[in-house]
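**Q** Handing you a structure now.
Chains as they are written, first to last, in the working numbering: chain A, 1 to 183; chain B, 1001 to 1079.
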């Protein structure tokens, strides 16, 4: 635990215990999303599905990276992950991104994907709002994650025809915003 | 439609098997089946059994998400 770092955040007026709860909920959302996206990706097949698979894989890996980046901050602030994985799953900040009833329905899979990303965008916007100007490190981390979640939302949204599109898929390594927290 | 006073709504806090209801703009919603309202709490900040109209103004989403939950009544002023 980073004692003075926590004190600084408390003195800035942040309810650190509440913030920690939110960070754990978001970490749970990232890890469970990584799991559920693995299943979604496996079902993205055929002429329609294969076109979405690569982008779903990038989002899946980046969500795992978000989990990895959040955990150190949780412990720095004096928090911890639950001992029980089932408990961790059930405290996720977003509902499970389950495979649709018809796993061949690529539009239904895309809808699950975009709703998961929209939940994440709301969640990290909220953490940014709570920490802006008060907890610089959590803000920086949450903003980095938010940048990637917004891109994920855009990708899936554009596959659903909610356009027009302002960009194309990234080039280069995954997690361009969050990678600085993973080194 | 059933009416709830603030005191009656407060009893629906989602704890110990009680129903999990919240109010917004005078409408009472049942959030008990929502994954994001387990045990009457939402995102570490919000509690069931309360009028969340003001809290919703500071939330990263609008009433549209709450409106996905079943309506169970209306909130009226207490005695």
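Every residue, glycine too, gets a C-beta built ideally from N, C-alpha and C.
Apart from the five residues just before and just after residue 39 of chain A, which ones in its own chain have a Cβ nearer than 7 angstroms to its Cβ?
**A** If you number the first chain from 1, residue 39 of chain A lands on position 39. Closer than 7 angstroms at the Cβ level, and outside the excluded window around residue 39 of chain A, lie 99.
**Q** Give the DSSP-derived three-state secondary structure of residue 20 of chain A in the structure shown.
**A** For the purposes of this step, residue 20 of chain A is taken as the residue at position 20 of the first chain. Reduced to three states, the DSSP call for residue 20 of chain A is helix.
**Q** Can a CB atom of chain B be found closer than 8 angstroms to the CB of residue 93 of chain A?
**A** Position 93 of the first chain, counting from 1, holds the residue named residue 93 of chain A. With a threshold of 8 angstroms between beta carbons, residue 93 of chain A makes contact with chain B.
**Q** If you compare alpha carbons, which of A:171, A:9 and A:163 is closest to residue 134 of chain A?
**A** In the first chain, residue 134 of chain A corresponds to position 134, counting from 1. Residue 134 of chain A has its Cα closest to that of A:9, out of A:171, A:9 and A:163.
**Q** Along chain A, which residues have their Cβ under 7 angstroms away from the Cβ of residue 970 of chain B?
**A** Outside the modelled stretch of chain B, which goes from 1001 to 1079, sits residue 970 of chain B, for which no answer is possible.
**Q** Name the chain B residues whose beta carbon is nearer than 7 angstroms to that of residue 21 of chain A?
**A** Position 21 of the first chain, counting from 1, holds the residue named residue 21 of chain A. Under the 7 angstroms cutoff, chain B gives 1044.
**Q** Are any of the Cβ atoms in chain B nearer than 8 angstroms to that of residue 90 of chain A?
**A** For the purposes of this step, residue 90 of chain A is taken as residue 90 along the first chain, with counting starting at 1. Yes - at least one Cβ of chain B is within 8 angstroms of the one on residue 90 of chain A.
**Q** List, in chain order, every chain B residue whose beta-carbon is nearer than 9 angstroms to that of residue 125 of chain A.
**A** Here residue 125 of chain A corresponds to residue number 125 of the first chain, with the count starting at 1. 1060, listed in chain order.
**Q** Do you know how far the Cα of residue 163 of chain A is from the Cα of residue 15 of chain A?
**A** Taking the first residue of the first chain as position 1, residue 15 of chain A is located at position 15. Taking the first residue of the first chain as position 1, residue 163 of chain A is located at position 163. In a straight line, the C-alpha of residue 15 of chain A is about 39 angstroms away from that of residue 163 of chain A.
**Q** DSSP beta-bridge partners for residue 1023 of chain B?
**A** Taking the first residue of the second chain as position 1, residue 1023 of chain B is located at position 23. As DSSP reads the structure, residue 1023 of chain B sits in a beta bridge with B:1028 and B:1051.
**Q** In chain order, what residues of the stretch 1027-1042 of chain B put their CB closer than 7 angstroms to some CB of chain A?
**A** 1035, 1036 and 1038
**Q** With H, G and I counted as helix, E and B as strand and the rest as coil, what does DSSP make of residue 32 of chain A?
**A** As a first step, residue 32 of chain A must be located in the first chain, where it is residue number 32. Residue state, collapsed to three classes: helix.
**Q** If you follow the alpha helix (DSSP H) that residue 49 of chain A is part of, which residue opens it and which one closes it?
**A** Looking up residue 49 of chain A in the first chain gives position 49. Unbroken alpha helix (DSSP H) run through residue 49 of chain A: 46-76.
**Q** In this structure, how does DSSP classify residue 1002 of chain B when only helix, strand and coil are distinguished?
**A** As a working mapping, residue 1002 of chain B is identified with position 2 in the second chain. Reduced to three states, the DSSP call for residue 1002 of chain B is coil.
**Q** Between the C-alpha atoms of residue 114 of chain A and residue 90 of chain A, what's the straight-line distance to the nearest angstrom?
**A** In the first chain, counting from the first residue as 1, residue 114 of chain A sits at position 114. In the first chain, counting from the first residue as 1, residue 90 of chain A sits at position 90. Between the alpha carbons of residue 114 of chain A and residue 90 of chain A lies a distance of about 20 angstroms.
**Q** Taking 8 angstroms as the limit between beta carbons, can you name the residues of its chain near residue 1078 of chain B, skipping five residues before and five after?
**A** The residue you call residue 1078 of chain B lines up with position 78 of the second chain. Once the five neighbours on either side are set aside, the close Cβ partners of residue 1078 of chain B are 1005, 1006 and 1007.
**Q** Decide if the stretch 127-145 of chain A is in contact with the stretch 104-118 of chain A; the criterion is three or more beta carbon pairs, one per stretch, under 8 angstroms apart.
**A** no
**Q** According to DSSP, is residue 178 of chain A helix, strand or coil?
**A** In the first chain, the residue the question calls residue 178 of chain A occupies position 178. Note: residue 178 of chain A maps to coil in three-state DSSP.
**Q** Report the CB separation of residue 1040 of chain B from residue 1013 of chain B in whole angstroms; it is logged as a contact under 8 angstroms.
**A** By 1-based counting over the second chain, the position of residue 1040 of chain B is 40. By 1-based counting over the second chain, the position of residue 1013 of chain B is 13. The pair is a contact, with the Cβ atoms about 5 angstroms apart (cut-off 8 angstroms).
**Q** Under 8 angstroms Cβ-Cβ, which residues of chain B neighbour residue 25 of chain A?
**A** For the purposes of this step, residue 25 of chain A is taken as the residue at position 25 of the first chain. Near residue 25 of chain A (Cβ distances below 8 angstroms), the residues of chain B are 1043 and 1044.
**Q** Is the CB of residue 73 of chain A under 8 angstroms away from at least one CB in chain B?
**A** To locate residue 73 of chain A, count along the first chain from 1; it is residue 73. Chain B, which has no Cβ nearer than 8 angstroms to the Cβ of residue 73 of chain A, makes this no.
**Q** Measure the alpha-carbon distance for residue 68 of chain A versus residue 182 of chain A and round it to whole angstroms.
**A** By 1-based counting over the first chain, the position of residue 68 of chain A is 68. By 1-based counting over the first chain, the position of residue 182 of chain A is 182. Near 7 angstroms, if we compare the C-alpha coordinates of residue 182 of chain A and residue 68 of chain A.
**Q** What are the start and end residues of the alpha helix (DSSP H) that includes residue 143 of chain A?
**A** For the purposes of this step, residue 143 of chain A is identified with residue 143 of the first chain, where counting begins at 1. Where residue 143 of chain A is concerned, the enclosing alpha helix (DSSP H) stretches over 136-159.
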